[in-house]
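Student: This is the structure I want to talk about, given as C-alpha cells.
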Amino acid sequence: MSAQAFEFDGPHGYRLAGRLELPDGQPRGWAILAHCFTCGKDSLAASRVARALAAHGIGVLRFDFAGLGNSGGSFADTTFAADVDDLVAAGNAMTSDGKPPSILVGHSLGGAAVLMAAGQMPGIRAVATLAAPFDTRHVLHQFAPQSLETIEAHGEAEVLLAGRPFVVRKSFVDDLACHNLESRIAGLRIPLLVLHSPLDSTVGIENAARIFAAAKHPKSFISLDNADHLLTRRADADYAAAMISTWASRYLIS
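In UniProt numbering, the protein residues as written are 1 to 254.
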C-alpha cells in the first residue's frame, strides 16, 4: 500500500488538505472518510480505518475539514453545514481527478455529515457510519454548561474539547439546530451500514438504534462489541474496516 497528498479547493475559499490511502494494484473503488468532531484526518480512527480499507482494495481519501489540521480556514468560522459542503467538494475533486467515490464513511459527527452530504453527491451508492449521533446537537454534550452560557451571552467562547482549546462561536451552535437528520436518513434511498459499540460512552448506542429505525432498507447494523468511541484499539478499527469493505463490495465503482 502507499499514500499521497491530495489537496483541493474548498467551497468557502480555503484550500483543504487530504491524504489518499492507495491499495496495492488497481483499486476496487473509491471512498471518502469523514473524521470525528475536532479530530482531523490523522486521528487514530481515521488513519487506521482508511489504511485498513486500502488493505482491502479500496482507495480512500481522508481530509481535514476547514479550520483543522493542515486545511485552511479558522475553526471559529466553521459550522456543521460547512463540513457538509467540504465533503461535497471533496467528492467533486476526486471525480475530477479520475477517482469517483461511491462510498462515504463517517466517524462520530463525521457520520452525521456523510448522512447529510450523500443526497448532494449523485455518485454515492452507499454510506457507512461509525459511532454517529442521531442528532447533530448531540455534540454540545461535550461542552461545559458555562461555556454554552458564555457563547449565548457573548457570541463566542474558548471551549476545551478533548483537552485542546477551540474558539466556538454562536453561529456554530445555532447551525446545529438547523439540520433534520431523521428526515435526511429517511430520504437517503441508498444502502446504509451502521456500526456502533454498545459500550460507547460518548455517543450512546441508542443513537445507532434511531438511525437504523429512520433508514429505509437496504440497511445493516454491526455491533462493535467492546470498542470505545474513538476506536483506539487497532483491532477495533481493523474489524470495522473489514466489515465495511465486505458490505461495500457490491456498491464500489472502480
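Just so you know, even glycine gets a beta-carbon here, dropped at the ideal spot from N, CA and C.
Predicted model, so just to flag it, every value in this text is computed and none were measured.
1) Does the Cβ-Cβ distance between A113 and H229 come in under 7 Å?
2) Would you report the Cα separation of Q26 and G57, rounded to the nearest angstrom?
3) Between which residues of its own chain and D85 is the CB-CB distance below 6 Å, once the five residues before and five after are set aside?
4) From which residue to which residue does the beta strand (DSSP E) around A3 run?
5) Give a yes or no on whether 7 Å exceeds the smallest Cβ distance from H154 to chain D.
6) Starting from K170 and walking both ways along the alpha helix (DSSP H), at which residues does that stretch end?
7) Let me make sure I understand the geometry here. Which of A89, P191 and S171 has the alpha-carbon closest to that of residue 259?
8) Per DSSP, what kind of secondary structure is R164 in: helix, strand or coil?
9) Under 8 Å, with one C-beta from each stretch per pair, do the segment 198 to 218 and the segment 240 to 247 reach the 3-pair mark?
10) Where do the N-terminal and C-terminal ends of the alpha helix (DSSP H) with F80 fall, by residue?
11) Out of F6, D200, I151 and L195, state which residue places its alpha-carbon closest to the alpha-carbon of T95.
12) What does a CB cutoff of less than 6 Å around D200 pick up in its chain, not counting 5 residues either side in sequence?
13) Checking the sheet assignment: what are the DSSP bridge partners for H179?
14) So the candidates are G111, D24 and E158; which of them puts its Cα closest to the Cα of M1?
15) Output needed for I190: all residues of its chain with C-beta closer than 7 Å, excluding positions within five of it in sequence on either side, in chain order.
16) Where does F75 fall in DSSP's three states?
17) Can the beta-carbon of L20 be found closer than 7 Å to that of G40?
18) On the premise that R28 lies in contact with L252, defined as a C-beta separation below 8 Å, what is that separation, rounded to the nearest angstrom?
19) L61: which of G18, H179 and S183 sits nearest, CA to CA?
20) What is the C-beta distance between R63 and D83, in whole angstroms, given that I count them as a contact (C-beta under 8 Å)?
21) Apply the 10 Å Cβ neighbour rule to A227 and answer buried if 16 or more other Cβ atoms are within range, or exposed otherwise.
22) For the beta strand (DSSP E) that H196 lies in, which residues bound it at each end?
23) On the DSSP bridge list, what partners appear for V159?
24) If the criterion is Cβ atoms closer than 7 Å, does the pair A34 and G110 meet it?
Tutor: In terms of the structure at hand:
1) no
2) 8 Å
3) P11
4) S2 to D9
5) The structure shown contains no chain D, having only a single protein chain.
6) K170 to L176
7) What the structure shows of the chain is the stretch from 1 to 254, and residue 259 is not part of that stretch, so it cannot be assessed.
8) strand
9) no
10) F80 to S96
11) F6
12) A131 and H229
13) None, per the DSSP bridge assignment.
14) D24
15) A118, I124, R125, A126 and V127
16) helix
17) no
18) 5 Å
19) G18
20) Checking the displayed sequence, the identity of residue 63 turns out to be Phe instead of Arg. About 11 Å separates the two Cβ atoms, so there is no contact after all.
21) buried
22) L192 to H196
23) F166
24) yes
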